[in-house]
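Mapping of the sequence shown onto our numbering: residues 449 to 578, in sequence order.
Accompanying notes for the structure given below.
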Amino acid sequence: MAYKYILFSFSVFLFIVATALFVTRDHWRRHVPAIRLPGAGYIYSQLPRSFVDDIEAGLSSDTFDLGGNVEAGDGRAGLDSAGKAEILKIMKKRRMTFDQARKTYMENRFKANGIGADGRPRDPKFVSFS
449 MAYKYILFSF SVFLFIVATA LFVTRDHWRR HVPAIRLPGA GYIYSQLPRS FVDDIEAGLS
509 SDTFDLGGNV EAGDGRAGLD SAGKAEILKI MKKRRMTFDQ ARKTYMENRF KANGIGADGR
569 PRDPKFVSFS
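Written out as structure tokens, the structure is:
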């Protein structure tokens with residue numbers, strides 16, 4: 449029976465210490481070195497912001513060459529941020545090259561917007577005069 453009181457007392461003491469540390473964290477936190485976990489840098493990677501960054505991130509190939517934009521001094525922000533994030537995600541998850549991931553991304557976007565693989569709308573009421 450006594451062990452229950454000891455366990456309860458220890459739990460209350462630990463709770464009080466944790467609360468005190470939390471409340472006073474601004475005072476003591478600067479004295480504690482930052483903890484760097486191995487591999488934590490790979491959890492989040494910032495998206496490229498220019499064509500040069502896009503090339504360095506692997507978002508360029510022979511068929512989708514961004515080198516011409518860099519050589520021309522193009523000051524635009526680069527590729528679409530949402531598209532870059534999705535393509536990088538596909539490249540990492542499925543271990544694809546940039547061209548394969550870009551093709552998969554575009555096929556998924558076409559499918560989501562009701563466009564077939566041949567580029568024509570899937571709407572049954574669609575009429576084409578070509």
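Think of the CB as a built atom: it goes at the ideal place given N, C-alpha and C, for glycine as much as any other residue.
Please tell me whether residue i and residue j are closer than 8 Å, where the distance is taken between their beta carbons.
i: residue 508; j: residue 502; result: yes
i: residue 568; j: residue 562; result: no
i: residue 511; j: residue 474; result: no
For residue i, which option in the options has the closest C-alpha, if you only look at C-alpha atoms?
i: residue 528; options: 475, 471 and 550; result: 550
i: residue 531; options: 557, 466, 564 and 513; result: 557
i: residue 540; options: 515, 506, 573 and 521; result: 506
Is residue i helix, strand or coil when you go by DSSP?
i: residue 538; result: helix
i: residue 563; result: strand
i: residue 549; result: helix
i: residue 503; result: helix
Between which two residues does the alpha helix (DSSP H) holding residue i run?
i: residue 457; result: 450–471
With which residues is residue i paired in a DSSP beta bridge?
i: residue 569; result: 563
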